[in-house]
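Residues in the sequence shown are numbered consecutively from 1, following the UniProt record's numbering. All C-beta atoms, glycine included, are put in the ideal place defined by N, C-alpha and C. One structure is given here, and the rest of the page talks about it.
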Amino acid sequence: MSETYEVNETYEVQAAEADSGAGPVRRAAGDEERAEGTGGAEAPAGASAVAELELKPALEAVLMVVDEPATPEHLARVLERRPREVSDALRELADDYTREGRGFELRLVAGGWRYYTRGTYADAVERFVLDGQQARLTQAALETLAVVAYRQPVSRSRVSAVRGVNCDGVMRTLLQRGLVEEAGAEPDTGAILYRTTHYFLERMGLRGLDELPELAPFLPEAEAVEGETQESMPSFDVDDLSSDSQTEL
Numbered sequence: 001m002s003e004t005y006e007v008n009e010t011y012e013v014q015a016a017e018a019d020s021g022a023g024p025v026r027r028a029a030g031d032e033e034r035a036e037g038t039g040g041a042e043a044p045a046g047a048s049a050v051a052e053l054e055l056k057p058a059l060e061a062v063l064m065v066v067d068e069p070a071t072p073e074h075l076a077r078v079l080e081r082r083p084r085e086v087s088d089a090l091r092e093l094a095d096d097y098t099r100e101g102r103g104f105e106l107r108l109v110a111g112g113w114r115y116y117t118r119g120t121y122a123d124a125v126e127r128f129v130l131d132g133q134q135a136r137l138t139q140a141a142l143e144t145l146a147v148v149a150y151r152q153p154v155s156r157s158r159v160s161a162v163r164g165v166n167c168d169g170v171m172r173t174l175l176q177r178g179l180v181e182e183a184g185a186e187p188d189t190g191a192i193l194y195r196t197t198h199y200f201l202e203r204m205g206l207r208g209l210d211e212l213p214e215l216a217p218f219l220p221e222a223e224a225v226e227g228e229t230q231e232s233m234p235s236f237d238v239d240d241l242s243s244d245s246q247t248e249l
C-alpha cells in the first residue's frame with residue numbers, strides 16, 4: 001500500500017511541474033523546439049547556453065572572427081536558431097550600421113555575411129594597412145585577372161593572346177594569392193583552364209560573376225580601331241580585352 005502511495009505522489013509532482021512549465025519537462029520542451037529550428041541536428045555540448053543568448057550580439061561576436069563570409073544556415077546551426085530568424089537579424093544589423101553611419105558595414109558577399117570597412121573611410125584604412133608598403137596588384141596582374149574574370153574558364157595561352165604578352169608569371173602570382181584556380185582542361189588541347197575563385201568575389205565585393213560591370217564603356221571607339229593597321233594590333237575577338245584598351249580594369 002505504501003509503494004502505491006509513493007508512485008502516485010511522484011506522478012502528482014511531475015504533473016504539477018508540467019502544468020507550471022518548470023523543471024525537467026520545460027527543459028525537454030525547449031530542447032525539442034531548438035532541434036526543430038536547426039533541422040533536427042544534434043546540438044553540441046553547451047548548446048543550451050548558446051541558444052539562450054541574445055541573437056544580434058551573438059551574431060556580431062561570431063562575425064568578428066570569421067575568415068570568410070558566413071552563410072545564414074551556418075550561423076543558424078552554430079547559434080541554434082532558425083535560418084530565417086538569422087537572415088532577418090543580419091539584415092536588421094546591416095540597416096542599423098548604415099543608419100548610424102558606422103565606419104564598418106555588414107555585407108552579403110559571395111553567398112555569406114561579413115564585416116567590411118565602409119568605403120567612405122577607404123583612404124584612412126589604406127594608409128594604415130599599407131603604411132609605406134606596396135601591397136597592390138601590378139597593372140599586368142589586374143589586366144590578366146580581368147581577362148580571366150570575363151572569359152573564364154580560359155587557358156594561359158588564350159589570356160596571353162588577348163593581352164599580347166606572355167602572362168605565365170602573372171598567372172602564377174594570381175594563383176598564389178588565391179584569386180584564380182584551375183578549372184579542368186580543354187578537351188581538344190589538354191591545356192589547363194583557369195577561373196576566378198570565391199576569394200576573388202569576396203575581395204571585389206561581388207555576390208556573383210553576374211555583378212561584373214559591362215565591358216562596353218571600356219571598349220575602344222570604332223574610329224580608333226579602324227585607324228590601326230592589322231600588323232600593329234594584337235589578335236582578339238570582339239568581346240576580348242586588349243592590353244591597350246583595357247588598362248582601366
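Bounds of the beta strand (DSSP E) holding Ala185 are Val180 to Ala185.
Close CB contacts of Pro83 within its chain, under the 7 Å cut and outside five residues either way in sequence, are with Pro72, Glu73 and Ala76 (chain order). The three-state secondary structure of Glu105, taken from DSSP, is strand.
When only Cα atoms are considered, Arg127 and Tyr121 end up about 10 Å apart. For Arg77, the enclosing alpha helix (DSSP H) covers residues Pro72 to Leu79. Note on geometry: alpha-carbon atoms of Tyr194 and Glu54 lie some 44 Å from one another. With 16 or more other CB atoms across the displayed protein chains lying within 10 angstroms of its CB, Met171 is buried.
Sequence-distant partners of Gly178 (beyond 5 residues in either direction) whose C-beta falls short of 7 Å from its own C-beta, in its chain, are Thr197 and Tyr199. Annotation for Gly111: Pro69 and Thr71 place their beta carbon closer than 7 Å to its own, counting only its chain and skipping 5 residues before and after.
Non-local beta-carbon contacts of Ala141 in its own chain, meaning distances under 7 Å to residues more than five positions away in sequence, involve Val170, Thr173 and Leu174 in chain order.
Shown here, Val154 sits in a strand according to DSSP, grouped into three states. Rounded to whole angstroms, the Cβ separation of Arg163 and Val147 is 6 Å, and the two are in contact under 8 Å. DSSP, reduced to helix, strand and coil, places Leu174 within a helical segment of the structure shown. In the three-state DSSP reduction, Leu193 falls in the strand class (E or B). When only Cα atoms are considered, Ala61 and Gln152 end up about 37 Å apart.
Thr117: member of the beta strand (DSSP E) spanning Gly112 to Thr117, first to last residue. C-alpha of Lys56 to C-alpha of Pro213: approximately 34 Å in a straight line. Each residue's CA atom was taken as its position, placing Gln176 and Leu59 some 32 Å apart.
Sixteen is the threshold: since fewer than 16 other Cβ atoms of the shown chains lie within 10 Å of the Cβ of Thr138, the residue is exposed.
For a cut-off of 8 Å, the C-beta gap from Glu85 to Val50 is around 14 Å, too long to register as a contact.
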